[in-house]
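*Asks:* Protein chains in written order, with my numbering: chain A, 1 to 462; chain B, 1 to 462. Each residue gets a CB set at the ideal place from its N, CA and C atoms; glycine is no exception. Dumping the structure here so I can ask a few things about it.
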């Protein structure tokens with residue numbers, strides 16, 4: 001393919017453009033970055049236009065806008081809808097970054113001997129969606145665009161994509177396509193390429209426990225008045241039993257018991273537990289009894305406290321019995337679990353665990369449905385063929401622990417199967433300090449996306 | 001007494017001077033207030049000199065200095081050592097204050113129809129130790145100082161008085177006295193005056209739980225890698241059993257079982273549970289099974305989490321599985337419990353509760369021994385007589401929940417019984433937002449202190 005040469009010849013430019021995008025701190029969760037999020041949207045719009053897209057526009061929503069662009073070469077040909085997001089996770093704690101999160105640097109690492117870009121958003125998702133813009137540019141430049149393409153790049157993925165459902169509902173005709181292509185997941189490794197066929201859903205809750213109506217002196221009131229931190233800890237400890245099963249009544253009702261055969265196949269994926277523990281510097285893994293690590297992160301629902309705070313957290317000591325304590329708690333969901341239903345069950349259960357000595361408030365933050373992608377679809381087969389061409393190996397179908405809440409929306413509203421062709425690695429530290437994305441992953445990703453278009457056209461014609 | 005008239009005539013000046021002292025943010029726990037802590041020491045020195053003290057000096061220690069001053073009228077007469085502290089607790093959370101913590105304002109409240117001073121340190125302990133300076137001024141002005149007096153006002157009480165033991169050991173001759181008088185506690189109410197005869201000790205610990213070596217994405221690793229917040233909550237919930245007994249092995253070994261008679265007497269103190277709950281806006285109290293609220297806060301040891309933090313605590317949602325979680329945990333101790341021993345027992349227990357999937361670090365912050373004051377001493381009887389004179393009622397001897405770690409030091413190093421003649425109220429919100437101290441408490445306190453000197457001289461001569 002000529003576009004492969006184009007990618008090789010333009011790789012420095014492709015990297016430089018991504019670095020430019022990464023310098024914009026488009027943190028959607030924090031209102032203080034509002035101008036930057038909008039700046040990132042403009043950058044995406046410009047990039048699409050320069051690559052050759054038509055009808056490029058910044059579509060307003062009640063929140064951050066969706067950037068749209070398309071290239072219709074022939075309405076009779078199949079159409080690929082590309083989804084991605086230009087917003088990023090908050091970068092705190094800043095002090096744990098080795099370099100500033102919004103001043104990208106390229107460094108070599110053990111896993112990335114050819115270098116990786118260190119910056120917030122490098123893997124999630126700027127580095128990944130931008131591969132599509134560059135693959136499009138290469139195909140346009142070399143006259144190798146074989147399908148119509150539509151881009152929908154949003155700015156609220158990291159805060160729950162609250163306005164995307166309406167946007168899709170209101171623009172069904174405009175978004176009409178034959179497949180959705182998303183790069184927002186990871187593969188096992190460059191040596192063991194994989195394509196994600198399942199994603200967990202998410203129910204994210206914030207809880208608040210109130211004891212006395214003001215902070216008290218623990219010497220005067222301690223032992224006689226319920227301490228909201230102690231109570232919060234106790235409730236949290238009761239959310240899972242000794243086997244790490246989640247105790248919310250009804251939580252597992254819709255969880256599918258997967259066949260022994262399926263589980264056997266899943267556990268055949270390359271995985272080295274000793275190496276996993278060594279890299280995380282932990283002595284033991286911990287999770288739901290009766291399941292392996294790959295099962296725990298792929299096919300089982302989980303519960304994690306993502307944040308907790310209350311009382312005096314400054315330097316030194318303060319003998320306070322605080323009025324309030326808070327936590328952010330999220331649950332990863334598996335197919336058939338509905339995040340609205342789970343949020344409600346969680347709320348009831350949490351409230352039932354609270355003693356009369358405190359008041360509790362449970363607020364659902366955001367959520368997303370789990371997704372399963374059929375491996376029999378043309379889209380999946382095109383992804384498989386593209387990986388085979390570029391990596392020289394058959395892709396392993398994997399289920400991933402993370403959530404891309406938007407996937408189920410495509411299935412329901414547009415009746416499209418999302419193809420989750422991601423090129424990140426689990427070690428990329430997304431949502432963490434020192435997030436990075438391999439240069440080789442970036443360039444091979446662009447190549448694979450171009451190959452996907454070719455194969456999708458070919459397989460659609462059969 | 002002429003000094004009583006002097007106090008009445010000078011009350012506006014006495015209040016104004018205290019407000020001036022309260023404007024200095026002498027927070028010893030936070031290094032950013034270092035200059036202010038030293039400024040407060042200078043203010044104390046000037047005040048003592050102006051009131052008529054001799055040999056006034058700022059005595060350096062490896063930490064914040066001790067301010068000393070004395071008036072020896074006749075070496076044959078008894079000597080009163082006054083102890084207090086010019087440092088204050090941190091004022092956070094600032095947003096919960098109705099007025100700025102270091103810009104004192106006087107406001108009337110239900111309990112203080114004659115007004116109360118709202119400011120950090122107003123009750124703990126600036127407003128209380130300053131009463132002694134003003135009582136001294138009044139007695140000097142009216143020629144009514146009947147005992148020798150020595151002042152020792154320190155600047156590290158809120159951070160554990162780390163350097164005071166050495167200061168006392170090195171200055172035994174200088175500090176030689178017949179009694180120590182301390183106003184750093186509260187009384188039941190102005191209508192039901194009381195004198196504290198027991199104080200709980202303190203063991204304050206910081207704990208750190210480490211899971212993986214970096215923050216992880218909860219979608220990718222959640223459910224398979226131990227979450228340090230979940231683990232911390234579980235360990236904390238195991239520190240107390242269903243009866244709210246502390247589970248640290250050996251914790252209760254040295255706790256005295258008080259006689260039914262003593263407990264009966266203790267429970268005769270005026271206390272209205274409904275009113276207590278109403279003022280705190282709680283539906284139920286909560287504490288160790290088998291004990292009343294007065295017993296729980298007075299004679300029983302307790303455990304409280306004073307602060308907790310970990311993971312993402314900003315706005316919105318971040319699906320992080322954090323590397324670390326922290327808590328500050330303190331235990332109030334009763335007579336015979338040694339805080340060093342308890343700290344060690346706690347550390348061992350906490351470590352034993354941690355699963356292999358995490359690492360834990362337990363660091364003792366500071367502590368103090370519990371104290372009991374004999375009611376048979378001349379000092380106690382002088383306090384009782386002074387209260388009778390000023391309040392027209394017999395003082396109720398009470399045990400207080402808070403800790404003044406320094407008291408046991410006086411008993412051990414100087415062989416002196418500390419007389420805990422405090423004038424605060426439990427509702428003063430010390431260590432909390434909106435700390436305040438009643439104007440009436442302040443003025444009656446000054447009067448009572450002057451009456452103490454008269455009675456101590458008289459009773460010492462018998």
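#1: Determine the chain A residues that contact residue 148 of chain B at a beta-carbon separation under 7 Å, and present them in chain order.
#2: Nearest-angstrom Cα distance between residue 336 of chain B and residue 285 of chain B?
#3: Pull up the distance between the alpha-carbon of residue 98 of chain A and that of residue 434 of chain A, whole angstroms please.
#4: Check whether the region 114-134 of chain B touches the region 86-98 of chain B, taking contact to mean three or more Cβ pairs, one atom from each stretch, closer than 8 Å.
#5: Output needed for residue 354 of chain B: all residues of its chain with C-beta closer than 6 Å, excluding positions within five of it in sequence on either side, in chain order.
#6: For a quick check, are the C-beta atoms of residue 331 of chain B and residue 301 of chain B less than 9 Å apart?
#7: In chain order, what residues of the same chain have a beta carbon less than 8 Å from the beta carbon of residue 431 of chain A, not counting five sequence neighbours either side?
#8: Flag residue 426 of chain A as yes if its beta-carbon sits less than 9 Å from any beta-carbon of chain B, otherwise no.
#9: Please confirm if the region 267-276 of chain A is in contact with the region 376-383 of chain A, defined as three or more CB-CB distances below 8 Å between the two stretches.
#10: For residue 333 of chain B, which beta-bridge partners are listed by DSSP?
#11: Could you tell me how far apart the beta carbons of residue 71 of chain A and residue 145 of chain A are, in whole angstroms, since I believe they sit closer than 8 Å?
#12: Assuming residue 438 of chain B is part of the beta strand (DSSP E), what are its boundary residues?
#13: So, under 8 Å CB-CB, residue 43 of chain B and residue 156 of chain B are touching, yes? Tell me the CB distance rounded to an integer number of Å.
#14: Please identify, using Cβ separations under 7 Å, the residues of the region 298-314 of chain B that lie next to chain A, in order along the chain.
#15: Using DSSP with H/G/I as helix, E/B as strand and the rest coil, what is residue 148 of chain A?
#16: Can you tell me which of A:185, A:233, A:338, A:314 puts its alpha carbon nearest to the alpha carbon of residue 256 of chain A?
#17: Do the region 293-308 of chain A and the region 222-240 of chain A meet, that is, are 3 or more Cβ pairs less than 8 Å apart?
#18: From residue 202 of chain A to residue 351 of chain A, what does the alpha carbon distance come to, in whole angstroms?
#19: Compare the Cα-Cα distances from residue 206 of chain A to each of A:112, A:94, A:347 and report the closest residue.
#20: For my contact list, residue 182 of chain A and residue 404 of chain A are in at a C-beta cut-off of 8 Å; report their separation, rounded to the angstrom.
#21: Examine the Cβ distances between the region 210-220 of chain A and the region 174-181 of chain A and report whether three or more of them are shorter than 8 Å.
#22: If you check the beta carbons only, do residue 310 of chain A and residue 228 of chain A fall under 9 Å apart?
#23: So is residue 16 of chain B buried or exposed if we call it buried at 16+ other beta carbons inside 10 Å?
#24: Enumerated in chain order, which unbroken segments of the alpha helix (DSSP H) with a length of 4 residues or greater are wholly contained in the region 33-99 of chain B?
#25: Touch check for the region 290-299 of chain A and the region 3-10 of chain B: three-plus C-beta pairs under 8 Å?
#26: Can you round the beta-carbon distance between residue 210 of chain A and residue 318 of chain A to whole angstroms, since I take them to be within the 8 Å contact cut?
#27: Looking at C-beta atoms only, is the number of pairs between the region 449-457 of chain B and the region 136-155 of chain B that lie closer than 8 Å three or more?
#28: Run through the region 198-263 of chain B for me and flag every whole alpha helix (DSSP H) of 4 or more residues, listed as ranges in chain order.
#29: Determine the closest residue to residue 450 of chain A out of A:133, A:378, A:28, with distance taken between C-alpha atoms.
#30: Any beta carbon from chain B within less than 9 Å of residue 95 of chain A's own beta carbon?
#31: Taking a contact to mean a Cβ-Cβ separation below 9 Å, would you say residue 414 of chain A touches residue 168 of chain A in this structure?
#32: When the cut-off is 9 Å and only beta carbons count, does residue 365 of chain B lie next to chain A?
#33: With the cut-off set at 9 Å, would you say residue 282 of chain A and residue 230 of chain B are in Cβ contact?
#34: Mind pulling the chain B residues with CB within less than 7 Å of residue 89 of chain A?
#35: In chain order, what residues of the same chain have a beta carbon less than 7 Å from the beta carbon of residue 193 of chain A, not counting five sequence neighbours either side?
#36: I need the DSSP call for residue 306 of chain A, collapsed to helix, strand or coil.
*Replies:* Concretely, from the data shown:
#1: One finds nothing in chain A with a Cβ atom closer than 7 Å to the Cβ of residue 148 of chain B; even the nearest lies about 32 Å away.
#2: Approximately 27 Å, taken between the alpha carbons.
#3: 7 Å
#4: yes
#5: Only 360 meet the Cβ criterion.
#6: yes
#7: 89, 124
#8: By this cut-off, residue 426 of chain A is an interface position.
#9: no
#10: B:201
#11: 7 Å
#12: 436-438
#13: At roughly 16 Å, the Cβ-Cβ gap does not stay under 8 Å, so residue 43 of chain B and residue 156 of chain B are not in contact.
#14: Residues 300, 302, 304, 305, 306, 307, 308, 309, 310, 311, 312, 313, 314.
#15: strand
#16: A:338
#17: Verdict: yes, contact present.
#18: Spanning the alpha carbons of residue 202 of chain A and residue 351 of chain A requires a straight line of approximately 20 Å.
#19: For residue 206 of chain A, the nearest C-alpha among the options comes from A:347.
#20: 7 Å
#21: no
#22: Against a cut-off of 9 Å, the Cβ pair of residue 228 of chain A and residue 310 of chain A comes out as a contact.
#23: exposed
#24: 34-51
#25: no
#26: Going by Cβ atoms, the distance from residue 210 of chain A to residue 318 of chain A rounds to 19 Å, so no, they are not a contact pair.
#27: yes
#28: Runs of the alpha helix (DSSP H) lying entirely within the region 198-263 of chain B, each at least 4 residues long, are 218-221, 228-238 in chain order.
#29: A:133
#30: no
#31: yes
#32: yes
#33: no
#34: 318
#35: 187, 387, 391, 393, 395
#36: strand
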